[in-house]
Structures are given as C-alpha cells and as structure tokens.
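Asker: Pasting in a structure now, in structure tokens, and then I'll have a few things to ask.
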Amino acid sequence: MHANDDAQAAENEVLLIQWLRGAARVAIGYSGGVDSAYLAVVARNTLGMHHVLAVIGRSASYPAAQWAAARQVAESFGILVAELDTDELNDPKYAANPSNRCYFCKSELWSRLVPFASRFGFQTVVDGTNADDLGDHRPGAQAAHEQGIRSPLADCGFTKSQIRHRSRLLGIPTWSQPSSPCLSSRLPYGTRVTTERLALIEETERAIRRLGIVDDLRVRYHDDLARVELSCDELAHWLVPERFARLRDVVVAAGFPRMALDLRGFRSGSLNVLHGVGAA
Amino acid sequence: MSIRRETAGGEPTLEGALAERGLVVRVEPRAGLAVLIADEATVARLGDTELRRTALALAREHGFTHVAIELRTR
Chain A
295 MHANDDAQAA ENEVLLIQWL RGAARVAIGY SGGVDSAYLA VVARNTLGMH HVLAVIGRSA
355 SYPAAQWAAA RQVAESFGIL VAELDTDELN DPKYAANPSN RCYFCKSELW SRLVPFASRF
415 GFQTVVDGTN ADDLGDHRPG AQAAHEQGIR SPLADCGFTK SQIRHRSRLL GIPTWSQPSS
475 PCLSSRLPYG TRVTTERLAL IEETERAIRR LGIVDDLRVR YHDDLARVEL SCDELAHWLV
535 PERFARLRDV VVAAGFPRMA LDLRGFRSGS LNVLHGVGAA
Chain B
59 MSIRRETAGG EPTLEGALAE RGLVVRVEPR AGLAVLIADE ATVARLGDTE LRRTALALAR
119 EHGFTHVAIE LRTR
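Chains as they are written, first to last, in this note's numbering: chain A, 295 to 574; chain B, 59 to 132.
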C-alpha cells in the first residue's frame, strides 16, 4: 500500500470513529467478510461491547465456512452476535434468479433485522458497503436504502484495500481473506436458485479447498458443468494434465458430472459479464 | 493449407481459429461460454500465459465472454 493511501486509511478510520460515536449504538449486518468484520471491530473498540450487535442472517446461500469464521472473529474481539434465519429461497422472485436477485435477498434480510435490532434498542443499523462498491451493479444497495440502512465505511471513503490494511494493523484475521459473496452468485441469472444447487456448489468449493487452494475460488454452475475459476497463480499450477485430472476428479466426486477450468481465472462478478450486466 | 472450418453461413469458427494456432479442441458453445474440450497435450500447452491470452482473444473475437477448458475423457 502506498504511504499516501496508508495515511488516508488512517484518516478515514478517525472519521469512522467519529461517525460511530455520533450513532452511539449500532447493529451491524454482519457476514464475517473483510468489510463487516472490520466495521464490527472498530465499532466494538469505539462504543464498547454492549453498544454493538453483529447480526448474521443465515440461509442456504450463506456458506457454513463463512459462518464459522464470522463467529470466530466475533468471539476473538468480544463482539455480541445474534443470528436470524432468513427465507429468501422461498421467495419466488428471488428463486427465479433475476439480475436484481440481491434486492430480494437484502429486502428479506433488512426487513427482519431492522425490527429485531430495534427491539434491543439499536436504532441505527449499518452494513459493510465500502466506497469501491458504490460503482458496481448492486441491487441489494437499493433494499438497504429503502430500509434506512447506513453505510459508514462508504460514508468515510474507505476503499477495500484500505479496509484490508487497517484490518491487518488491528490484527483482524480477515484482512487477507478472499471476498466471499453468497453462494447464489455462482448461478447464472435465470437459473433457478435451489437449496440442492447451493449445497452442491458449497460442497464442491469445500472439496477443492481441501486440495490446498486458499486464494480466490469460485465454482460457477452451468447445469451439468462446473466452471472453476482460480486465481491466475493457481490457474497456471493446475493446467498440468495430472493435476487437472485430480481437480476434475474432486469436482466429479462432489457431484458435478463435468468440470472445466476457466482460462481467464477468477473475476468478481463473472456471471454479470456473462449476462451483460457489468463491464467485461 | 488452411484448416479453418467454416460455418454454414461462411463465418469462421473459434474451433478453426484455435486450430490455426495449433490448439486442436472441440468447442462446445453455451451462450457466452465456450467450453474447449481438449486432450492432455493441449491442456499442458495452455499453461503458457501467452497462448492462453491468444485463446481468450480469439474467443472474444468470436463473441464469447468466457472460455473454459475441459479435459477430454478417454
């Protein structure tokens, strides 16, 4: 990280602390990802344990490994956690998997989380949206806006790299964690989201991780075919026939009849590109 | 001798364009995704970054946004 950016990140953190003091008590939509973990830790350090509540929304689209990591971070930093079951898969508008699928998911989450938090005296509800997110295709942000959710990281100008940098300084283990969006993002728009498909994707990613892959990884669902995206470094490593065959065998054992390795490698929002939603 | 294959409409195919670069594969088109079904030697060749870039560029020229390689089963 460049020294100027380093200084900017530190200034942003001062702004964030001021922002949080102004709110006094916050409930956080908490996934345990890089952004919400950093926000939760700074909030906890600023406001104290009893003025911060991290709320996890749990459903089949939320990976179990991420849930475990989220709980572990919260426990390490003394952050109170509550869990809410969400039911977006039973919403036909969500399950049909339109390009604004995230809107229906976030509507479900916030419509449960806001009244829940209010019952415990948390009138300010925040999420981990950062400044980099603002330019992306994120229909979920509309749902957050409709429910009055605040985004202090974005308000204070935090970029993703700044959040990682400050997380590292604070000793938050998520600082180097790859981004981990919900499992439904592995299905092309228009392909129905079902519990079985999400379970298949989750199990396949878990099986691939057991091969020692720690970088970015996505298993994209194309009916009978799993399209595996790896980081560029990993991609070159696995484009060796014996290794490739091993990777394929692991994917097939997990339940996909076929496996193909993406030649470009991992890219965030890959299926947005496939469907012309984002930039190629 | 050109080994480029032509479609019924006379448009050059991705399969032919790749073959001209020595990448003999069967292309299975799935909307914007081209699945290249290849033997072990071709998989190994695509470990080369430059050749991979070439394959990606050719696929883009042929209207594909994504390219993935599958190892042909014996």
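Every residue, glycine too, gets a C-beta built ideally from N, C-alpha and C.
Report the CB separation of A411/A from A321/A in whole angstroms; it is logged as a contact under 8 Å.
Answerer: Indeed, because the Cβ distance is near 4 Å, the residues count as touching under 8 Å.
Asker: Exposed or buried, which one is K387/A when buried takes at least 16 other CB atoms within 10 Å?
Answerer: With fewer than 16 other Cβ atoms within 10 Å, it is exposed.
Asker: Listed from N- to C-terminal order along the chain, which residues in the region 102-116 of chain B have their beta-carbon within a distance smaller than 8 Å of any beta-carbon of chain A?
Answerer: So the close ones are A102, L104, G105, T107, R110, A113 and L114.
Asker: In chain order, what residues of the same chain lie with their CB nearer than 6 Å to the CB of G254/A, ignoring the 5 residues before and after it?
Answerer: No answer is possible for residue 254/A: it lies beyond the span of chain A, which begins at 295 and ends at 574.
Asker: Report the three-state DSSP secondary structure of R480/A (helix, strand or coil).
Answerer: Residue state, collapsed to three classes: helix.
Asker: Are there 16 or more other CB atoms within 10 angstroms of the CB of S470/A, so buried, or fewer, so exposed?
Answerer: Burial call: exposed.
Asker: Where do the N-terminal and C-terminal ends of the alpha helix (DSSP H) with Y515/A fall, by residue?
Answerer: No alpha helix (DSSP H) holds Y515/A; the beta strand (DSSP E) holding it covers L511 to H516.
Asker: Would T107/B pass as a contact of A530/A if the rule is Cβ separation under 9 Å?
Answerer: Contact flag set, yes.
Asker: Could one say the Cβ of V82/B lies closer than 9 Å to chain A's Cβ atoms, at least one of them?
Answerer: Answer no: the Cβ-Cβ gap between V82/B and chain A never drops below 9 Å.
Asker: Roughly how many whole angstroms lie between the Cα atoms of A301/A and Q456/A?
Answerer: A301/A and Q456/A: Cα-Cα distance of roughly 10 Å.
Asker: What are the residues of the region 530-542 of chain A that lie near chain B, defined by any Cβ-Cβ distance shorter than 8 Å?
Answerer: Within the region 530-542 of chain A, the qualifying residues are A530, L533, V534, P535, F538, A539 and R542.
Asker: Does the beta carbon of A248/A sit closer than 9 Å to a beta carbon anywhere in chain B?
Answerer: Lying before the first or after the last residue shown, residue 248/A is absent from chain A, which here runs from 295 to 574.
Asker: Could you give the first and the last residue of the continuous alpha helix (DSSP H) run that contains P409/A?
Answerer: That run of the alpha helix (DSSP H) goes R395 to R413.
Asker: Could you tell me how far apart the beta carbons of D379/A and S353/A are, in whole angstroms, since I believe they sit closer than 8 Å?
Answerer: Confirmed, Cβ separation roughly 7 Å.
Asker: Quick check on the DSSP output: the alpha helix (DSSP H) that includes G351/A runs from which residue to which?
Answerer: Run containing G351/A: none in the alpha helix (DSSP H); it sits in the beta strand (DSSP E), V346 to R352.
Asker: I need the straight-line Cα distance from V420/A to Q312/A, nearest angstrom please.
Answerer: Taking the straight line joining both Cα atoms gives about 15 Å.
Asker: Can you tell me which residues form a DSSP beta bridge with T71/B?
Answerer: Its beta-bridge partners do not exist; DSSP assigns none.
Asker: Look at the alpha carbon of A574/A and the alpha carbon of G415/A, and state the distance between them as a whole number of angstroms.
Answerer: Here A574/A scores only 36 on pLDDT, less than 50, and its place in the model should not be relied on; the value that follows carries that caveat. The straight-line gap from Cα to Cα measures roughly 44 Å.
Asker: Would you say A77/B reaches chain A, if we count a Cβ-Cβ gap shorter than 9 Å as a contact?
Answerer: For A77/B, the answer is no, since every Cβ of chain A falls outside 9 Å of its Cβ.
Asker: Rounded to a whole number of angstroms, what is the C-alpha to C-alpha distance between E86/B and A113/B?
Answerer: In a straight line, the C-alpha of E86/B is about 15 Å away from that of A113/B.
Asker: How would you list, in chain order, the residues of chain B whose beta-carbon sits under 8 Å from the beta-carbon of H516/A?
Answerer: Going along chain B in sequence order, the residues near H516/A (Cβ under 8 Å) are R88 and L91.
Asker: How far does the alpha helix (DSSP H) with G434/A in it extend, from its first residue to its last?
Answerer: Its alpha helix (DSSP H) spans residues G434 to E440.
Asker: Would you kindly work out how many angstroms separate the C-alpha atoms of L249/A and A331/A, rounded to a whole number?
Answerer: One cannot answer for residue 249/A here, as it falls past the ends of chain A, which runs 295 to 574.
Asker: Does DSSP put V546/A in a helix, in a strand, or in coil?
Answerer: Residue state, collapsed to three classes: helix.
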